[in-house]
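Read through the structure below, which is laid out as structure tokens, and then see the notes.
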Amino acid sequence: MILQAPCPMLIGIKKFLGLNKKLLIMKKLIAIFFVATYLYACSGGDDKKIESGNKSTSAMDNPDYDAGLNLIAKSDCFTCHKLREPLVGPPYGEVAKKYPNTPENVSLLADRILKGSSGIWGQVPMLAHPNIKKEDAEKMVKYILLLKE
Ligand code: HEC
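Residue numbers (numbering that gives the first Met the number 0): 0 to 148.
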């Protein structure tokens, strides 16, 4: 499809050049070279766009990311949770994989942070956090659920 574009031009060149076939082939090759360079340059540009729009960047651009991370950093969460490796509790990346980011799951997980939880990831329980507001716990969960790789 794309290579059809220069064809009328090439036909014009052919008529103009009459019998000089070798020259015509060279012109064709030059035309193909330019078209290929053009396509290569364009697709290169597209690749860059895809790279800069990858998941981790867009997760960090989400306002929930900073809000939740700040609250978690101020609380005791990181003494038991890492992002990618298990510590006392499951890694947040695994929590994000297990629960789709829906309002129901945000509320459910926020309640478990407030009231404590056990038996879901193993035998070790997570203690209750009675001093955290439900609203803040939900912000923490929204951040956690952005951590799918
Ligand atoms: C004393 C260690 C400890 C601390 C501190 C802790 N957690 Fe946990 N957390 C755990 C353990 C252990 C589990 C797994 C509990 C289970 O299997 O039900 C867990 C599970 C979770 C889960 C998944 C719950 C589920 O239902 O799957 C979330 C979300 C979570 N923690 C968030 C937090 C946040 C946010 C904080 C800080 C406010 C925090 N945790 C502090 C140990 C801890």
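Every residue, glycine too, gets a C-beta built ideally from N, C-alpha and C.
For the putative contact between residue i and residue j, defined by C-beta atoms under 8 Å, what is the C-beta separation to the nearest angstrom?
i: A146; j: G92; result: Per the sequence presented here, residue 146 reads as Leu, with Ala not at that position. Indeed they touch by this definition, with Cβ atoms about 5 Å apart.
i: G67; j: K138; result: 5 Å
i: S74; j: I131; result: 7 Å
Indicate whether residue i and residue j have their beta-carbon atoms separated by less than 7 Å.
i: L86; j: C79; result: yes
i: I143; j: V105; result: no
i: Y64; j: A58; result: yes
i: A136; j: L113; result: yes
i: P90; j: K97; result: no
i: A109; j: K141; result: no
Could you tell me which residues DSSP puts in a beta bridge with residue i?
i: S116; result: M125
Tell me whether residue i sits in a helix, a strand or coil according to DSSP, three-state version.
i: E50; result: Unreliable positioning characterises E50 in this predicted model, as indicated by a pLDDT of 43, which lies under 50. The coordinate reading is nonetheless provided below. It is helical.
i: K73; result: helix
i: N100; result: coil
i: G92; result: helix
i: R111; result: helix
i: P62; result: helix
i: E134; result: helix
i: V87; result: coil
i: G68; result: With the sequence shown as reference, residue 68 is identified as Leu, and Gly is not the correct amino acid for it. Helix, per DSSP.
i: K141; result: helix
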